[in-house]
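Novice: Chains as they are written, first to last, in the numbering used here: chain A, 12 to 312; chain B, 460 to 729.
(1) Can a CB atom of chain A be found closer than 8 Å to the CB of residue 520 of chain B?
(2) Which residue comes first and which comes last in the alpha helix (DSSP H) that contains residue 625 of chain B?
(3) Give me the Cα-Cα distance between residue 539 of chain B and residue 656 of chain B, rounded to the nearest whole angstrom.
(4) Output, in chain order, the set of chain B residues within a Cβ distance shorter than 9 Å of residue 63 of chain A.
(5) Quick one: using the 10 Å Cβ neighbour count with 16 as the cut-off for buried, is residue 557 of chain B buried or exposed?
(6) Taking C-beta to C-beta, are residue 525 of chain B and residue 630 of chain B nearer than 8 Å?
(7) Give the range of the alpha helix (DSSP H) segment to which residue 63 of chain A is assigned.
(8) Apply the 10 Å Cβ neighbour rule to residue 128 of chain A and answer buried if 16 or more other Cβ atoms are within range, or exposed otherwise.
(9) What does residue 223 of chain A touch in chain B if you count any residue whose Cβ is under 8 Å from its own?
(10) Excluding the five sequence neighbours on either side, which residues of its own chain have a C-beta within less than 6 Å of the C-beta of residue 332 of chain A, listed in chain order?
(11) From what residue to what residue does the alpha helix (DSSP H) around residue 543 of chain B run?
(12) Excluding the 5 residues preceding and the 5 following residue 714 of chain B in the sequence, name in chain order all residues of the same chain whose CB lies nearer than 8 Å to its CB.
(13) Do we get a CB-CB distance below 8 Å when we pair residue 91 of chain A with the residues of chain B?
(14) Counting only beta-carbon separations shorter than 8 Å, does residue 550 of chain B have a partner in chain A?
(15) When DSSP builds the beta bridges, which residues end up paired with residue 99 of chain A?
(16) Between the beta-carbon of residue 520 of chain B and the beta-carbon of residue 687 of chain B, is there less than 8 Å?
(17) Tell me, please, whether the CB atom of residue 243 of chain A is closer than 8 Å to any CB atom in chain B?
(18) At the level of alpha carbons, what is the spacing between residue 272 of chain A and residue 257 of chain A?
(19) I think residue 446 of chain B touches residue 653 of chain B, with their Cβ atoms under 8 Å apart; what is that distance to the nearest whole Å?
(20) I'd like to know whether the C-beta atoms of residue 502 of chain B and residue 195 of chain A end up nearer to each other than 8 Å.
(21) Quick one: give me the first and last residue of the alpha helix (DSSP H) that residue 501 of chain B is part of.
(22) Which chain A residues are close to residue 505 of chain B, counting only those with a beta carbon under 7 Å from its beta carbon?
(23) Find the residues of chain A that neighbour residue 495 of chain B, judging by a C-beta separation of less than 9 Å, and give them in chain order.
(24) At a Cβ threshold of 8 Å, is residue 579 of chain B touching chain A?
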């Protein structure tokens, strides 16, 4: 925030001159819904971090490139595998790339918007969460926007590039429904991942050092979905279909688009359930977040 | 001489105890390693189904390789996260000046601390994922104690090579001030060239030949090959020799860079 104060008065919508780094951006008008408040708070904090990042443009460019290269490594591994085989679990390179692109792009959207959630445990531990609690703005929006990192565009870009490559090489019998399903899939997928991030954040109220557990569901989840479901054991596929419904991010809808069978015997309409699953997941994550926040006891330091 | 050995042993014990304090974080790390191990193991099974004997491994060896990798990931700090964050911070703030006039060798001090950390993580993070892997899959683990001893030797050398690389990465902070870019690059190279994502003997052609002699191959690939019984007799000695050469060479490079840094770079005041 210190960098920002020095750059005060750069002519943007809100100033930061009123003492605290964020200033009057937090004085909220009455009579607005919490969702609007939350989004507004999020926008203001995220914009603040973007301006702060842009103070060091070379460093930003380097970390953006690093983020891109780091996520591209997963796909390089898949390319190396396909340099030795023609099919993996019965899927061609293009079909795997299709799954990979959808999983990475959906996850990239979530990572960009909520990627800082795993810092919550640290805030609980060192007591800085208290600062967020006394501000008149939704805590979830503040935590989510904390250290908003534009460099995470790297992951999203990489996912979209792979998806673009897949679309050029895979033969898909396009119908209007399939075309419509693509953006629906990305948004619902991002929302499903988002609920995992928020639920993981809620868990950190209880187990402060356990941000790694969250990573295994978020990063682990996107890695799992990058591969064909035919590769994995049936129990594992059942688990991510019925228990933690990550399969609705890409597997079920994407296999409908590709015209391939899902390893579990599910009716065809389940391919269109992703938005509903996303809404249900978000509602559950919201409840978990409230329970977590209510159980918070400050360290007092 | 005896006194200095005792000093570094105490530092190493401190490193061990320090990491042993974070029990929840260790359990969370084990959980993550297990989840990723599970995902990777299934992809390897699919790969070896398609091409049995790929890279000279049978399927059981390939699956075992996954769990060795997950067990060693934290031990040889492929993703970083050992002492170097702290050393970089000390260089950035200028506290390094105090360290330099302490009556202990800077490199040996951090090496001792990192060895303590690695020993804890071998016990705390290495054993459980391997046991889980053994419960779910059929693993190709050796029955004779000799191979396990040889494996521990390769792990020890891998820890030193890993330290030497990260020491160089940390020293870059003398010139760059912000160490994140170099660290990020080191993690990428580590993940890719250690054999963490895919065994190096599966890498095609010249890329594979290059990857197998780079220092990062000492971290995962070399110990894994030893435990899988792929390196015995002369091949084992050659593996040790390559690891040892990288360890000595990179440690020496670390000392050279350190003396250049302390001679030429003005320490940050404050």
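We put the beta carbon where it would ideally sit given N, CA and C, even for glycine. Note that this is a predicted model, so its numbers are computed, not measured.
Specialist: By the coordinates alone:
(1) no
(2) Element bounds for residue 625 of chain B: 604-630.
(3) Spanning the two alpha carbons is a distance of roughly 16 Å.
(4) Residues of chain B passing the Cβ test: none, with the nearest at roughly 14 Å.
(5) Around the Cβ of residue 557 of chain B, a 10 Å sphere holds fewer than 16 other Cβ atoms; the residue is exposed.
(6) no
(7) Here the alpha helix (DSSP H) through residue 63 of chain A covers 45-64.
(8) buried
(9) 484, 487, 488, 490 and 491
(10) The question about residue 332 of chain A has no answer, for chain A in this structure spans 12 to 312.
(11) 543-552
(12) 566
(13) yes
(14) no
(15) A:102
(16) For residue 520 of chain B and residue 687 of chain B, yes; Cβs fall inside 8 Å.
(17) yes
(18) In this structure, the CA atom of residue 272 of chain A is about 17 Å from the CA atom of residue 257 of chain A.
(19) With chain B covering only 460 through 729, there is no way to say anything about residue 446 of chain B.
(20) no
(21) 482-509
(22) 99, 100 and 242
(23) 227, 230, 231 and 234
(24) no
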